Structures are given as C-alpha cells and as structure tokens.
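Chemist: Provided herewith is a single structure, encoded as structure tokens, for subsequent inquiry.
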Amino acid sequence: MAGLNTKLIYSLVWEYRERWRVPLPPDGHESEGFAYVEGQVEGAITGRFRGINASRQRSDGRFLTDARGVILLADGTAVSVEYRGVGCPYPRGVEPLDDRTKVTVAARHQTQDPEWQHLNDVVCIGTGENRFTDDGTRLALFDIHEVIWQPLSDRPTARPTRDGVTIEDHPFDLDALRRQRLID
Numbered sequence: 029m030a031g032l033n034t035k036l037i038y039s040l041v042w043e044y045r046e047r048w049r050v051p052l053p054p055d056g057h058e059s060e061g062f063a064y065v066e067g068q069v070e071g072a073i074t075g076r077f078r079g080i081n082a083s084r085q086r087s088d089g090r091f092l093t094d095a096r097g098v099i100l101l102a103d104g105t106a107v108s109v110e111y112r113g114v115g116c117p118y119p120r121g122v123e124p125l126d127d128r129t130k131v132t133v134a135a136r137h138q139t140q141d142p143e144w145q146h147l148n149d150v151v152c153i154g155t156g157e158n159r160f161t162d163d164g165t166r167l168a169l170f171d172i173h174e175v176i177w178q179p180l181s182d183r184p185t186a187r188p189t190r191d192g193v194t195i196e197d198h199p200f201d202l203d204a205l206r207r208q209r210l211i212d
C-alpha cells in the first residue's frame, strides 16, 4: 500500500483579536466560542489572513476547530479557506503561558487564481498548536500540507461482498424501534 504523500504549501500564524466563549446548557461543561483572528501566511502561498474561529469546547476539554477565513495575496487575489479539526489542550505546564494545545485540521480552499485552482479539488491537512507569547497574546500556528493524490494500484477491484446486498435484505422496523423506546 502506498504511503501518504504531502507537500507543505504554507505556514499560518494567527492572533486572536477578540474572543468570546458561552457555556452551553444544561450544566455549562461545554461551550461555544467565537473569535476574530488575523495573521500571516508564508510559503508557496503568501499573504494576509483574516477569519473567524467558531470552536466548540467539549466537556473533556477538547476543542472542535471550525475556522473560516480568507488569505489575501499581494496581487489582491483571495483564497477562501476552511479548517475543521480537533485541539487537545496538552501539554500543560505549571505556568499557564507554557501551555500548548496541539491541533490537527483538515483544510479546504477555494480560489479563482489559476496558480492555486488545483487546491479547489483536494483536501489539505494541517498540524499546529495554540501557544502564548511572553506578553500573554494567544497565537495559533499551523503548517498546511497538500495531500498528493496517488492511484491505489495494489488494491483489488472487486465488490466487497460476494452477493449483492439490497435494502430489502435489511428492512427498517419502525414498530420495533417504537417498542424499544417504550421499554427504555
């Protein structure tokens, strides 16, 4: 089986300009967040980044990243981006400024720029972390890699089951579901 090939296309650093977090009912152990972020993108794609991160924090402390924004290239071209992923709040240090949140994301891009239009058709992956500067400013740092498609040449081209399976073979029994709910 072929390994996953990627190519680093840019590094992104954003600063949280404004942030809000709202506890969710019933007990407030989870929360919804909204943050306005700005930053820089450097690499094969270079430009200014502006966006929002509407992350959700689960009761286990993990963050579900849901960020959207735009990379503005020097020539005025815009590359729309979406990052979805998971942030895990560790390692934690004794001093809060030493804390890190490791983050992995899937990234999608949309643009009309001929040089980067191929990104409209691929999913990119990113790794990064949240960390603090010495003055307490929270930053997010990411390396975004394009996943390079490769044919699955060593995989058989065969149906996964011997006999065709149809929905009639597995009917949905609504009455049984209703009975089960009455028992529970």
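Numbering of the sequence shown is given in this note's numbering, commencing with residue 29 and proceeding in unit increments. Virtual Cβ for every residue (Gly too), placed ideally from N, Cα, C. Here the structure is a predicted model, which is why all the values come from computation and not from measurement.
What is the rounded straight-line gap between the Cα of K35 and the Cα of T139?
Modeler: Between K35 and T139, the C-alpha separation is close to 19 angstroms.
Chemist: Can you say whether N81 is buried or exposed, counting buried as having 16 or more other CB atoms within 10 angstroms of its CB?
Modeler: Label assigned to N81: buried.
Chemist: Inspect the beta-carbon positions of G61 and W42 and report whether they are closer than 8 angstroms.
Modeler: It is not a contact, given that the beta carbons lie outside the stated cut-off.
Chemist: Ignore the nearest five residues each way along the sequence and tell me which others in L32's own chain have a CB closer than 6 angstroms to its CB.
Modeler: There are no such residues.
Chemist: Who are the Cβ neighbours of M29 in its own chain at under 7 angstroms, not counting the five residues just before and after it?
Modeler: Reliability of the predicted coordinates at M29 is poor, the pLDDT of 35 falling under 50, and no value is obtained from them.
Chemist: For the beta strand (DSSP E) that L40 lies in, which residues bound it at each end?
Modeler: L40 -> beta strand (DSSP E) spans 33-51.
Chemist: Return the chain-ordered list of same chain residues with a C-beta closer than 7 angstroms to the C-beta of P119, the five sequence neighbours on each side being excluded.
Modeler: Here the set comprises R128.
Chemist: Identify the continuous alpha helix (DSSP H) that holds I211 and give its terminal residues.
Modeler: 202-211 is the extent of the alpha helix (DSSP H) around I211.
Chemist: Does the distance from the CB of A135 to the CB of E157 come in under 8 angstroms?
Modeler: Their beta carbons are not under 8 angstroms apart, which means A135 does not touch E157 by this criterion.
Chemist: To test your reading of the DSSP string, which unbroken beta strand (DSSP E) runs of 3 or more residues are found completely within the region 116-184?
Modeler: Within the region 116-184, the complete beta strand (DSSP E) runs of at least 3 residues are 129-138, 152-160, 166-176.
Chemist: Who are the Cβ neighbours of S39 in its own chain at under 8 angstroms, not counting the five residues just before and after it?
Modeler: The answer, listed in chain order, is V69, E70, G71, L169, F170, D171, I172.
Chemist: Can you give me the C-alpha to C-alpha distance between E46 and R159, rounded to a whole angstrom?
Modeler: Computed Cα separation, rounded: 16 angstroms.
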